[in-house]
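J.: Before we start, here is the structure in question, set down as structure tokens.
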Amino acid sequence: MYRSGNPALNSSTFEEGSYPDKPWWEAGGTYAENIGMTIEGVAEKGAVTFLLFMTSGMTIWGLGLTGQPEMAIILASGGFILNAIFSMILFWSWFTPSFQGLFANPLFVLTYATSQGLLVGGMTYLFEYSGGSGSGYQGITIQAFLITGMIFGAMLGVYRSGLINVNDNFRIALYSAVFGVMMVYLLSFILMLFGVSVPLIHGSGPIGIVFSLLVIA
């Protein structure tokens, strides 16, 4: 039977002793206590990377709004370059198992989260102000950035507190809902190609708002 190394697809992810002994900074060696992944640990480490992502992204905005767009562009460009390097490393790790130890390296993970924030913050700032005050994106991109971040942060808190019990029934319901929403959007896209608009769910009325909330949830 095929056994995946992906923690999301491995049923033993959260079992004690699921991973070989290794120090936190590199592969090999020994570690004081070998335990499996925990929901709490994933949520807490996710919160740290999320905080770095949001902080670096908002830094770009702060520089731009305080009259330092040149510095914002430099940092965003640096984030783009770092992301390109990290993407090549992640791609190459599929063929070079020795590279996979980097995924557990805190310096690698935190730097990647920071560079992601710089890149996304720079992109949202660019879309927000590149067209001037009359830009069609005015106010939309920063809302998307903040709302996405707040949803992610809220879900981290919910999982960390144990309010959601991820069992087989939950997975079945989640997969069914995601597949259903995907089919709705796919059908809407196909109908739009023929000039047919799906009413209500894409509007700003009560039904559209409720549908959007259900999709987010």
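Counting from 27, one number per residue, gives the positions in the sequence shown under our numbering. Glycine included, each C-beta is placed from N, C-alpha and C at the ideal position. None of these values were measured; they are calculated from a predicted model.
The alpha helix (DSSP H) spanning Phe220 covers which residue range?
T.: No alpha helix (DSSP H) holds Phe220; DSSP gives it neither H nor E.
J.: Could you work out which residue in Ile115, Gly88, Met114 is closest to Ala102 when comparing CA atoms only?
T.: Checking every option, the nearest Cα to that of Ala102 belongs to Gly88.
J.: Out of Ile65, Tyr151, Gly72, which has the shortest C-alpha to C-alpha gap to Met84?
T.: Comparing Cα positions, the closest option is Tyr151.
J.: Just to check my reading of the structure: Tyr185 and Ala69 have Cβ atoms closer than 8 Å, yes? What is that Cβ distance to the nearest angstrom?
T.: Yes, they are in contact, since the Cβ atoms of Tyr185 and Ala69 sit about 5 Å apart, within 8 Å.
J.: Can you determine whether any heavy atom of the ligand SAH sits closer than 7 Å to the C-beta of Gly93, and answer yes or no?
T.: The ligand SAH is not part of the structure shown, which contains no ligands of any sort.
J.: My understanding is that Leu108 touches Thr137, with C-beta atoms under 8 Å, so please give their C-beta distance in whole angstroms.
T.: Sure, about 7 Å apart at Cβ, within 8 Å.
J.: Using C-beta distances below 7 Å, list every residue in its chain close to Val236, excluding the 5 sequence neighbours before and after it, in chain order.
T.: The answer is none, since no qualifying residue turns up.
J.: Could you pull out every residue in the same chain whose Cβ sits closer than 6 Å to the Cβ of Gly175, ignoring the five residues on either side in sequence?
T.: Closer than 6 Å at the Cβ level, and outside the excluded window around Gly175, lie Met80.
J.: Given this structure, state the Cα-to-Cα distance separating Gly183 from Phe76, to the nearest angstrom.
T.: The alpha-carbon atoms of Gly183 and Phe76 are separated by roughly 12 Å.
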